[in-house]
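Each residue of the sequence shown is one higher than the one before, starting from 1 at the first, in the working numbering.
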Amino acid sequence: MPNPKKKIVLNEILYWKQNRLLPDHYCDFLMTLYSEGNGDELIEEISHKKSIIATENKRKWIFSISIILISLALFVALFTVTKWVGLVSIFVAIIAIILLISAFLFSKKEVTFAPLLPIGAALLIFGLSVKVSIEYFPDRSFVLYGLLIANCLIWLFTGLKLKLLYFTLSGGIALVIVLGYQFFI
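Structure, rendered in structure tokens:
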């Protein structure tokens, strides 16, 4: 097949067929139409994995997984690194701010990984709050409770304001748990 544009179109049609975006008989008709009846010769040349949509989805998944892994790694580093506490805390705060700004920018574009950005930022801010409380106020548990309640209220407000159910639920449930623990135990 000398025309690379036809190859791209055939890859996309095969992707549609594999993911059932169109009925099989439509895809077969389009494959026959674009391959000009030479479908058997083109089977080795085309693949649904070469589709543009498939490669974009793969990139989005890789980016989403990297956001999750980076957030978790920084969260763990926040509590395991004991030598450079201030430097790690500043680095985590900068990454959390970058995630929040990215979440604001990507939310307007309706990108699929946009909900992961505020989740990662919330995790890092929560970890930073706990680390600051433990590091600088070790004997004052009311500071820890205050920061935990502030985090829960921020999650609850964010969930209600932006209509994000996962923030509303996590903020409400965590607030009930923290207040219940503080007053009843």
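Using N, Cα and C, we set each Cβ at its ideal position, and we do this for glycine too.
All of these numbers come straight from a predicted model, not from anything done at the bench.
Backbone secondary structure at V132 - three-state DSSP: helix
Rounded C-alpha distance that separates G171 from E56: 33 angstroms
Enclosing alpha helix (DSSP H) for L87 [first to last residue]: 85-109
C-alpha gap between I104 and D28, whole angstroms: Strictly speaking, residue 104 in this sequence is Phe, with Ile absent from that position. Near 42 angstroms, if we compare the C-alpha coordinates of D28 and F104.
Selected residue, minimal CA-CA separation from F167, among K161, A174, V176, W155: W155
Check whether V85 and E135 have beta carbons under 8 angstroms apart: yes
P138 versus V132 - alpha carbon distance: 9 angstroms
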